[in-house]
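FYI, the numbering for the sequence shown is 1 to 408, going by UniProt numbering. Just so you know, even glycine gets a beta-carbon here, dropped at the ideal spot from N, CA and C.
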Amino acid sequence: MSFVKRKVDKTPIEDTVFAIVKKAKEDKERVGAENVVDATIGSLYNEEGSIVAFDSVFTPYNQIAKETKAAYASSFVGNESFRKQVYEWVVGNRSALAHSVIATPGGTGAVALSVQEILDEGETLVIPEIAWGSYRLMAAMNNVEVATYSLFEDDHFNMKSFKEVCERVMQKQKKLLVVINDPCHNPTGYSLSMEEWKEIVAFLNSCAKQGEVVLLNDIAYIDYSYDLEHCRDYISCFDAFDEKVMCVIAFSCSKSLTSYGLRCGAAILMAKTQQLVRDVEIVFEKAARATWSNIPNAAMDNFTQVTTTNVEAYIKEKAKYIALLKERSDIFMKEAKECGLACYPYKEGFFVTVAMDNETRDCYHEALMKEHIFTVKVNKGIRVAVCSLSVTAIKGLAKRMKEILDTL
(Lines of atoms letter the chains of each structure in order from A and count residues from 1; the text may use other names and numbers.)
(Lines give C-alpha, C1' and ligand atoms only; values in the text may rest on other atoms or scores of the structure.)
Protein backbone atom coordinates (compact mmCIF):
# COMPACT_ATOMS: atom_id res chain seq x y z
CA MET A 1 0.00 0.00 0.00
CA SER A 2 1.18 3.54 -0.76
CA PHE A 3 -0.43 6.96 -0.52
CA VAL A 4 1.77 8.59 -3.17
CA LYS A 5 1.47 8.32 -6.95
CA ARG A 6 2.34 4.92 -8.40
CA LYS A 7 4.98 6.06 -10.87
CA VAL A 8 7.46 7.77 -8.58
CA ASP A 9 10.93 7.01 -7.27
CA LYS A 10 10.47 6.02 -3.60
CA THR A 11 14.14 5.44 -2.84
CA PRO A 12 15.05 7.53 0.25
CA ILE A 13 17.09 10.61 -0.62
CA GLU A 14 20.75 10.43 0.35
CA ASP A 15 22.20 13.92 0.24
CA THR A 16 25.89 13.15 0.46
CA VAL A 17 26.87 16.80 0.91
CA PHE A 18 24.78 17.49 4.01
CA ALA A 19 25.65 14.11 5.52
CA ILE A 20 29.39 14.76 5.23
CA VAL A 21 29.00 18.36 6.44
CA LYS A 22 27.46 16.90 9.61
CA LYS A 23 30.35 14.44 10.02
CA ALA A 24 32.88 17.26 9.59
CA LYS A 25 31.11 19.33 12.23
CA GLU A 26 31.16 16.42 14.68
CA ASP A 27 34.88 15.86 14.03
CA LYS A 28 35.61 19.52 14.71
CA GLU A 29 33.87 19.21 18.06
CA ARG A 30 35.95 16.12 18.88
CA VAL A 31 39.45 17.19 17.83
CA GLY A 32 39.15 20.95 17.38
CA ALA A 33 38.34 22.91 14.22
CA GLU A 34 42.00 23.78 13.65
CA ASN A 35 42.78 20.08 13.18
CA VAL A 36 40.06 19.45 10.57
CA VAL A 37 40.07 20.28 6.86
CA ASP A 38 36.45 20.83 5.89
CA ALA A 39 36.37 20.91 2.09
CA THR A 40 32.66 20.09 1.89
CA ILE A 41 30.94 23.46 1.97
CA GLY A 42 29.82 24.74 -1.44
CA SER A 43 29.44 28.37 -0.37
CA LEU A 44 31.99 31.17 -0.44
CA TYR A 45 33.81 31.51 2.90
CA ASN A 46 36.33 34.11 4.05
CA GLU A 47 39.79 33.43 5.47
CA GLU A 48 38.41 33.48 9.01
CA GLY A 49 36.10 30.56 8.29
CA SER A 50 32.78 32.44 8.08
CA ILE A 51 30.31 32.49 5.22
CA VAL A 52 30.68 35.55 3.00
CA ALA A 53 27.68 37.87 2.90
CA PHE A 54 28.53 40.87 0.73
CA ASP A 55 28.06 44.25 2.41
CA SER A 56 27.20 45.61 -1.04
CA VAL A 57 24.27 43.18 -1.15
CA PHE A 58 22.95 43.02 2.38
CA THR A 59 23.24 46.69 3.33
CA PRO A 60 20.76 47.61 0.55
CA TYR A 61 18.66 44.57 1.43
CA ASN A 62 18.40 45.67 5.07
CA GLN A 63 17.20 49.07 3.88
CA ILE A 64 14.26 47.62 1.96
CA ALA A 65 11.01 48.47 3.72
CA LYS A 66 9.51 45.67 5.78
CA GLU A 67 6.26 46.13 3.86
CA THR A 68 8.11 45.33 0.62
CA LYS A 69 9.62 42.22 2.20
CA ALA A 70 6.20 41.16 3.41
CA ALA A 71 4.38 41.77 0.13
CA TYR A 72 3.80 39.37 -2.73
CA ALA A 73 5.69 40.06 -5.94
CA SER A 74 3.80 41.94 -8.63
CA SER A 75 3.47 38.76 -10.70
CA PHE A 76 4.02 35.05 -10.26
CA VAL A 77 6.52 35.22 -13.17
CA GLY A 78 8.51 37.88 -11.29
CA ASN A 79 8.66 41.65 -10.96
CA GLU A 80 9.02 43.27 -14.37
CA SER A 81 12.04 45.32 -13.27
CA PHE A 82 13.74 42.13 -12.09
CA ARG A 83 13.02 40.22 -15.29
CA LYS A 84 14.43 43.03 -17.44
CA GLN A 85 17.52 43.40 -15.27
CA VAL A 86 18.26 39.66 -15.20
CA TYR A 87 18.31 39.64 -19.00
CA GLU A 88 20.46 42.77 -19.10
CA TRP A 89 22.87 41.34 -16.49
CA VAL A 90 23.28 37.93 -18.09
CA VAL A 91 22.81 38.52 -21.83
CA GLY A 92 22.78 42.27 -22.45
CA ASN A 93 23.53 43.13 -26.08
CA ARG A 94 25.23 39.79 -26.83
CA SER A 95 22.22 38.27 -28.59
CA ALA A 96 19.44 39.26 -30.97
CA LEU A 97 17.31 36.19 -30.21
CA ALA A 98 13.73 36.53 -29.03
CA HIS A 99 13.60 36.06 -25.26
CA SER A 100 11.71 36.12 -22.01
CA VAL A 101 12.56 35.69 -18.32
CA ILE A 102 10.69 33.87 -15.57
CA ALA A 103 11.67 34.29 -11.92
CA THR A 104 12.47 31.03 -10.12
CA PRO A 105 13.53 29.95 -6.61
CA GLY A 106 17.26 29.95 -7.29
CA GLY A 107 18.85 28.48 -10.37
CA THR A 108 17.45 25.17 -9.14
CA GLY A 109 13.94 26.31 -9.98
CA ALA A 110 14.93 27.06 -13.58
CA VAL A 111 16.49 23.62 -14.01
CA ALA A 112 13.51 21.92 -12.36
CA LEU A 113 11.01 23.71 -14.63
CA SER A 114 12.93 22.62 -17.69
CA VAL A 115 13.11 18.94 -16.74
CA GLN A 116 9.49 18.91 -15.60
CA GLU A 117 7.93 20.71 -18.56
CA ILE A 118 10.08 19.90 -21.59
CA LEU A 119 10.31 16.12 -21.36
CA ASP A 120 7.47 13.63 -21.16
CA GLU A 121 7.57 10.63 -18.83
CA GLY A 122 9.89 7.95 -20.15
CA GLU A 123 11.94 10.34 -22.25
CA THR A 124 15.63 10.93 -21.61
CA LEU A 125 17.57 13.87 -20.17
CA VAL A 126 21.20 14.21 -21.28
CA ILE A 127 23.66 15.34 -18.58
CA PRO A 128 27.44 15.23 -17.98
CA GLU A 129 28.62 12.06 -16.23
CA ILE A 130 30.31 14.26 -13.60
CA ALA A 131 27.60 16.67 -12.49
CA TRP A 132 25.49 18.22 -9.75
CA GLY A 133 23.51 15.32 -8.29
CA SER A 134 20.15 17.08 -8.39
CA TYR A 135 19.93 16.82 -12.19
CA ARG A 136 19.51 13.08 -11.80
CA LEU A 137 17.13 13.47 -8.86
CA MET A 138 14.88 15.85 -10.80
CA ALA A 139 14.76 13.38 -13.66
CA ALA A 140 13.81 10.54 -11.32
CA MET A 141 11.00 12.53 -9.70
CA ASN A 142 9.51 13.22 -13.14
CA ASN A 143 9.92 9.63 -14.39
CA VAL A 144 12.52 10.78 -16.88
CA GLU A 145 15.49 8.62 -17.86
CA VAL A 146 19.08 9.90 -17.83
CA ALA A 147 21.88 9.46 -20.37
CA THR A 148 25.36 10.76 -19.55
CA TYR A 149 28.14 11.98 -21.78
CA SER A 150 31.80 11.71 -20.80
CA LEU A 151 32.94 15.17 -19.78
CA PHE A 152 36.64 15.04 -20.66
CA GLU A 153 39.01 13.67 -23.24
CA ASP A 154 42.49 14.33 -21.89
CA ASP A 155 42.48 18.00 -20.81
CA HIS A 156 39.53 19.20 -22.90
CA PHE A 157 35.79 18.70 -23.38
CA ASN A 158 34.87 15.29 -24.78
CA MET A 159 33.05 16.47 -27.89
CA LYS A 160 32.97 12.97 -29.37
CA SER A 161 31.10 11.50 -26.38
CA PHE A 162 28.78 14.52 -26.21
CA LYS A 163 27.78 14.09 -29.83
CA GLU A 164 27.40 10.31 -29.65
CA VAL A 165 25.09 10.42 -26.63
CA CYS A 166 22.97 13.27 -28.01
CA GLU A 167 22.62 11.52 -31.36
CA ARG A 168 21.58 8.27 -29.70
CA VAL A 169 18.91 9.99 -27.61
CA MET A 170 17.72 12.06 -30.58
CA GLN A 171 17.29 9.00 -32.77
CA LYS A 172 15.25 7.34 -30.05
CA GLN A 173 12.84 10.14 -29.10
CA LYS A 174 13.17 12.85 -31.78
CA LYS A 175 13.62 15.43 -29.04
CA LEU A 176 16.59 16.55 -27.00
CA LEU A 177 17.04 18.27 -23.65
CA VAL A 178 20.76 18.48 -22.84
CA VAL A 179 22.42 20.07 -19.82
CA ILE A 180 25.68 21.98 -20.11
CA ASN A 181 26.84 23.46 -16.81
CA ASP A 182 29.19 26.21 -17.98
CA PRO A 183 31.15 28.33 -17.24
CA CYS A 184 32.71 27.28 -13.90
CA HIS A 185 31.41 23.72 -14.06
CA ASN A 186 30.26 22.15 -10.81
CA PRO A 187 32.20 20.17 -9.62
CA THR A 188 35.30 20.23 -11.88
CA GLY A 189 35.81 23.96 -12.50
CA TYR A 190 36.06 23.51 -16.27
CA SER A 191 34.90 26.21 -18.70
CA LEU A 192 34.33 25.66 -22.40
CA SER A 193 36.27 27.68 -24.97
CA MET A 194 34.52 29.81 -27.58
CA GLU A 195 35.59 27.25 -30.21
CA GLU A 196 34.01 24.42 -28.23
CA TRP A 197 30.78 26.39 -27.89
CA LYS A 198 30.65 27.11 -31.63
CA GLU A 199 31.04 23.41 -32.39
CA ILE A 200 28.29 22.55 -29.88
CA VAL A 201 25.91 25.07 -31.46
CA ALA A 202 26.59 23.73 -34.98
CA PHE A 203 26.05 20.17 -33.74
CA LEU A 204 22.75 21.00 -31.99
CA ASN A 205 21.57 22.56 -35.25
CA SER A 206 22.29 19.28 -37.02
CA CYS A 207 20.32 17.41 -34.34
CA ALA A 208 17.39 19.76 -34.94
CA LYS A 209 16.88 18.20 -38.38
CA GLN A 210 15.27 15.28 -36.51
CA GLY A 211 13.24 17.23 -33.95
CA GLU A 212 13.18 19.90 -31.25
CA VAL A 213 16.37 20.61 -29.28
CA VAL A 214 16.60 22.44 -25.95
CA LEU A 215 19.94 23.42 -24.46
CA LEU A 216 19.74 23.88 -20.69
CA ASN A 217 22.73 26.08 -19.85
CA ASP A 218 23.25 26.11 -16.08
CA ILE A 219 25.32 29.23 -15.27
CA ALA A 220 25.07 29.12 -11.47
CA TYR A 221 28.70 30.18 -10.92
CA ILE A 222 29.19 32.55 -13.86
CA ASP A 223 29.72 35.64 -11.70
CA TYR A 224 32.84 34.04 -10.19
CA SER A 225 34.60 33.51 -13.50
CA TYR A 226 38.25 34.57 -13.49
CA ASP A 227 37.59 36.42 -16.76
CA LEU A 228 34.43 38.39 -16.03
CA GLU A 229 34.93 40.63 -19.06
CA HIS A 230 34.59 37.72 -21.50
CA CYS A 231 32.80 34.92 -19.60
CA ARG A 232 29.46 35.74 -21.25
CA ASP A 233 30.80 36.14 -24.79
CA TYR A 234 29.82 32.58 -25.76
CA ILE A 235 26.13 33.54 -25.54
CA SER A 236 26.56 35.36 -28.86
CA CYS A 237 27.05 31.91 -30.46
CA PHE A 238 23.39 31.13 -29.73
CA ASP A 239 22.26 33.53 -32.46
CA ALA A 240 23.33 30.84 -34.94
CA PHE A 241 20.70 28.44 -33.57
CA ASP A 242 18.27 26.85 -35.99
CA GLU A 243 14.56 27.58 -35.55
CA LYS A 244 14.09 24.19 -33.87
CA VAL A 245 16.70 24.93 -31.17
CA MET A 246 15.93 26.77 -27.94
CA CYS A 247 18.13 27.69 -24.99
CA VAL A 248 17.05 27.92 -21.36
CA ILE A 249 19.69 29.68 -19.24
CA ALA A 250 19.38 28.83 -15.54
CA PHE A 251 20.66 31.82 -13.56
CA SER A 252 21.23 31.94 -9.80
CA CYS A 253 20.96 35.27 -7.97
CA SER A 254 21.55 33.22 -4.82
CA LYS A 255 25.09 32.32 -5.94
CA SER A 256 25.91 35.64 -7.56
CA LEU A 257 24.91 37.71 -4.53
CA THR A 258 26.06 35.30 -1.75
CA SER A 259 22.40 35.13 -0.71
CA TYR A 260 21.96 31.36 -0.86
CA GLY A 261 19.04 31.29 1.54
CA LEU A 262 16.95 33.94 -0.25
CA ARG A 263 16.24 31.50 -3.13
CA CYS A 264 16.06 33.78 -6.12
CA GLY A 265 16.97 33.03 -9.72
CA ALA A 266 15.59 32.98 -13.23
CA ALA A 267 14.96 30.94 -16.36
CA ILE A 268 15.98 32.91 -19.44
CA LEU A 269 14.24 31.57 -22.55
CA MET A 270 15.87 32.26 -25.93
CA ALA A 271 14.83 31.19 -29.43
CA LYS A 272 14.54 32.44 -33.03
CA THR A 273 11.04 33.88 -32.77
CA GLN A 274 8.88 35.36 -30.03
CA GLN A 275 6.17 32.80 -30.74
CA LEU A 276 8.56 29.91 -30.07
CA VAL A 277 9.58 31.56 -26.79
CA ARG A 278 5.96 32.24 -25.89
CA ASP A 279 4.94 28.61 -26.39
CA VAL A 280 7.41 27.53 -23.71
CA GLU A 281 6.80 30.59 -21.56
CA ILE A 282 3.09 29.80 -21.21
CA VAL A 283 3.82 26.33 -19.85
CA PHE A 284 6.59 27.61 -17.55
CA GLU A 285 4.29 30.36 -16.25
CA LYS A 286 1.57 27.87 -15.34
CA ALA A 287 4.05 25.47 -13.75
CA ALA A 288 5.56 28.30 -11.69
CA ARG A 289 2.12 29.37 -10.49
CA ALA A 290 1.19 25.79 -9.63
CA THR A 291 4.47 24.93 -7.90
CA TRP A 292 5.83 27.89 -5.90
CA SER A 293 3.39 30.68 -6.76
CA ASN A 294 5.74 33.55 -5.91
CA ILE A 295 9.42 34.45 -5.64
CA PRO A 296 10.52 36.63 -2.67
CA ASN A 297 9.64 40.19 -3.57
CA ALA A 298 12.51 41.84 -1.70
CA ALA A 299 15.08 39.40 -3.14
CA MET A 300 14.13 40.46 -6.66
CA ASP A 301 14.17 44.15 -5.79
CA ASN A 302 17.53 43.69 -4.08
CA PHE A 303 19.09 42.05 -7.15
CA THR A 304 17.85 44.89 -9.34
CA GLN A 305 19.24 47.54 -7.00
CA VAL A 306 22.59 45.80 -6.43
CA THR A 307 23.25 45.33 -10.14
CA THR A 308 22.26 48.90 -11.10
CA THR A 309 22.61 51.68 -8.51
CA ASN A 310 24.99 49.71 -6.27
CA VAL A 311 26.84 47.83 -9.00
CA GLU A 312 30.25 49.49 -8.55
CA ALA A 313 30.43 48.58 -4.86
CA TYR A 314 29.20 45.06 -5.62
CA ILE A 315 31.74 44.41 -8.39
CA LYS A 316 34.58 45.84 -6.29
CA GLU A 317 33.69 43.69 -3.27
CA LYS A 318 33.17 40.56 -5.35
CA ALA A 319 36.50 41.09 -7.15
CA LYS A 320 38.36 40.66 -3.85
CA TYR A 321 36.80 37.25 -3.36
CA ILE A 322 37.34 36.16 -6.95
CA ALA A 323 41.03 37.00 -6.47
CA LEU A 324 41.00 34.99 -3.23
CA LEU A 325 39.28 32.07 -4.97
CA LYS A 326 41.92 32.15 -7.69
CA GLU A 327 44.72 32.25 -5.13
CA ARG A 328 43.29 29.20 -3.39
CA SER A 329 42.73 27.21 -6.58
CA ASP A 330 46.16 28.14 -7.96
CA ILE A 331 47.83 26.81 -4.82
CA PHE A 332 45.89 23.55 -4.86
CA MET A 333 46.37 22.88 -8.57
CA LYS A 334 50.09 23.76 -8.49
CA GLU A 335 50.72 21.50 -5.52
CA ALA A 336 48.56 18.72 -7.00
CA LYS A 337 50.64 18.81 -10.18
CA GLU A 338 53.89 18.77 -8.21
CA CYS A 339 52.93 15.73 -6.15
CA GLY A 340 51.11 13.85 -8.91
CA LEU A 341 47.56 14.09 -7.54
CA ALA A 342 45.43 13.69 -10.66
CA CYS A 343 42.66 16.30 -11.04
CA TYR A 344 40.19 16.99 -13.83
CA PRO A 345 41.08 20.05 -15.93
CA TYR A 346 40.27 23.11 -13.81
CA LYS A 347 39.97 26.65 -15.15
CA GLU A 348 37.83 28.56 -12.65
CA GLY A 349 35.09 28.20 -10.08
CA PHE A 350 34.23 26.98 -6.61
CA PHE A 351 35.43 23.37 -6.85
CA VAL A 352 38.33 21.19 -7.90
CA THR A 353 37.73 17.46 -8.46
CA VAL A 354 40.35 14.75 -7.91
CA ALA A 355 39.99 12.13 -10.66
CA MET A 356 39.56 8.39 -9.96
CA ASP A 357 37.26 5.44 -10.45
CA ASN A 358 34.33 5.03 -8.09
CA GLU A 359 35.69 1.97 -6.29
CA THR A 360 38.89 3.78 -5.38
CA ARG A 361 36.87 6.92 -4.55
CA ASP A 362 34.80 5.13 -1.90
CA CYS A 363 37.84 3.72 -0.09
CA TYR A 364 39.71 6.99 -0.46
CA HIS A 365 36.86 9.06 0.93
CA GLU A 366 36.83 6.97 4.11
CA ALA A 367 40.61 7.14 4.40
CA LEU A 368 40.54 10.93 4.11
CA MET A 369 37.97 11.24 6.89
CA LYS A 370 40.14 9.12 9.20
CA GLU A 371 42.82 11.75 8.65
CA HIS A 372 40.29 14.56 9.39
CA ILE A 373 39.96 15.65 5.75
CA PHE A 374 36.34 15.95 4.66
CA THR A 375 35.42 16.09 0.98
CA VAL A 376 32.39 15.22 -1.16
CA LYS A 377 32.08 12.14 -3.36
CA VAL A 378 30.98 12.77 -6.94
CA ASN A 379 30.84 10.38 -9.86
CA LYS A 380 34.42 9.40 -10.75
CA GLY A 381 36.02 11.71 -8.25
CA ILE A 382 36.41 13.58 -4.98
CA ARG A 383 35.21 17.19 -4.85
CA VAL A 384 37.34 19.71 -2.97
CA ALA A 385 35.53 22.98 -2.19
CA VAL A 386 38.29 25.56 -2.55
CA CYS A 387 35.57 28.20 -2.16
CA SER A 388 35.33 27.53 1.57
CA LEU A 389 38.91 26.60 2.47
CA SER A 390 41.36 29.22 3.72
CA VAL A 391 44.70 29.67 2.01
CA THR A 392 46.35 28.23 5.12
CA ALA A 393 44.16 25.10 4.97
CA ILE A 394 44.88 24.61 1.27
CA LYS A 395 48.66 24.85 1.52
CA GLY A 396 49.99 21.31 1.67
CA LEU A 397 46.54 19.75 1.29
CA ALA A 398 47.16 18.20 -2.14
CA LYS A 399 50.36 16.56 -0.87
CA ARG A 400 48.55 15.15 2.17
CA MET A 401 45.76 13.83 -0.03
CA LYS A 402 48.27 12.19 -2.40
CA GLU A 403 50.08 10.51 0.50
CA ILE A 404 46.79 9.10 1.78
CA LEU A 405 45.86 7.92 -1.72
CA ASP A 406 49.21 6.12 -2.02
CA THR A 407 48.44 4.06 1.09
CA LEU A 408 45.34 2.44 -0.40
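| Item | Value |
| --- | --- |
| Met170 beta carbon less than 8 Å from that of Gly211 | yes |
| Buried versus exposed call for Lys209 [16 or more other C-beta atoms within 10 Å across all chains shown] | exposed |
| Any 3 or more C-beta pairs closer than 8 Å across the region 220-230 and the region 250-269 | yes |
| Beta-carbon proximity list for Ala355, same chain, < 8 Å, skipping 5 on both sides | Ala342, Cys343, Tyr344, Lys380 and Gly381 |
| Length of the line joining the Cα atoms of Val126 and Asn46 | 36 Å |
| Alpha-carbon spacing of Lys163 relative to Glu195, whole angstroms | 15 Å |
| Which of helix, strand or coil DSSP assigns to residue 421 | There is no way to answer for residue 421, as the model of the chain reaches only from 1 to 408. |
| Reduced DSSP secondary structure (H/G/I, E/B, other) of Thr304 | helix |
| Bounding residues of the beta strand (DSSP E) (the contiguous stretch that carries Glu145) | Glu145 to Tyr149 |
| Burial state of Leu269, where buried means 16 or more other Cβ atoms lie within 10 Å | buried |
| Continuous beta strand (DSSP E) stretch holding Phe241: start and end | Counting along the chain, Phe241 falls outside any beta strand (DSSP E), and DSSP gives it neither H nor E. |
| Neighbour-count burial assignment, Ser191, 16 or more Cβ in a 10 Å radius | buried |
| Extent of the continuous beta strand (DSSP E) run through Ile180 | Lys175 to Asn181 |
| Neighbourhood of Asp239 by C-beta distance below 7 Å, restricted to the same chain and skipping five residues each side | Ser95, Ala96 and Leu97 |
| His365 - DSSP class collapsed to helix/strand/coil | helix |
| Residues bridged to residue 420 (per DSSP) | There is no way to answer for residue 420, as the model of the chain reaches only from 1 to 408. |
| CA nearest to the CA of Cys207, picked from Thr188, Ser193, Tyr234 and Val245 | Val245 |
| Cβ distance (whole Å) where Ile64 is taken to contact Asp301 below 8 Å | 6 Å |
| As assigned by DSSP and simplified to three states, the class of Met1 | coil |
| Three-state secondary structure assigned by DSSP to Leu192 | coil |
| Candidates Lys5, Ser388, Gly189 and Ala112, of which the one nearest Glu348 by Cα | Gly189 |
| Three-state secondary structure (DSSP) of Tyr221 | coil |
| Start-to-end residues for the beta strand (DSSP E) that takes in Val378 | Val376 to Val378 |
| Own chain partners of Leu176 with C-beta closer than 8 Å, once the 5 adjacent residues on each side are dropped | Val126, Cys166, Val169, Met170, Leu204, Cys207, Gly211, Glu212, Val213 and Val214 |
| Chain-order list of residues whose beta-carbon lies under 7 Å from that of Val280 (same chain, five-residue window excluded) | Met246 and Leu269 |
| Cβ-based burial, Asp9 [other Cβ within 10 Å; buried from 16] | exposed |
| Residues bridged to His156 (per DSSP) | Glu153 |
| Those residues which DSSP pairs with Met270 across a bridge | His99 and Cys247 |
| Residues near Val386 by beta carbon distance below 8 Å, same chain, minus five either side | Ala39, Leu325, Arg328, Ser329, Phe332, Phe350, Phe351, Val352 and Ile394 |
| Three-state secondary structure assigned by DSSP to Pro128 | strand |
| Helix, strand or coil at Thr407 according to DSSP, with G and I counted as helix | coil |
| Member of Ser388, Gly265, Val384 and Glu335 whose CA lies at the smallest distance from the CA of Ile322 | Ser388 |
| Secondary structure of Ala353, DSSP reduced to three states | With the sequence shown as reference, residue 353 is identified as Thr, and Ala is not the correct amino acid for it. Strand. |
| Between the CA atoms of Asn79 and Glu29 - distance to the nearest angstrom | 45 Å |
| DSSP state of residue 418 mapped onto helix, strand, coil | Outside the shown range of the chain (1 to 408) lies residue 418, about which nothing can therefore be said. |
| Backbone secondary structure at Glu212 - three-state DSSP | strand |
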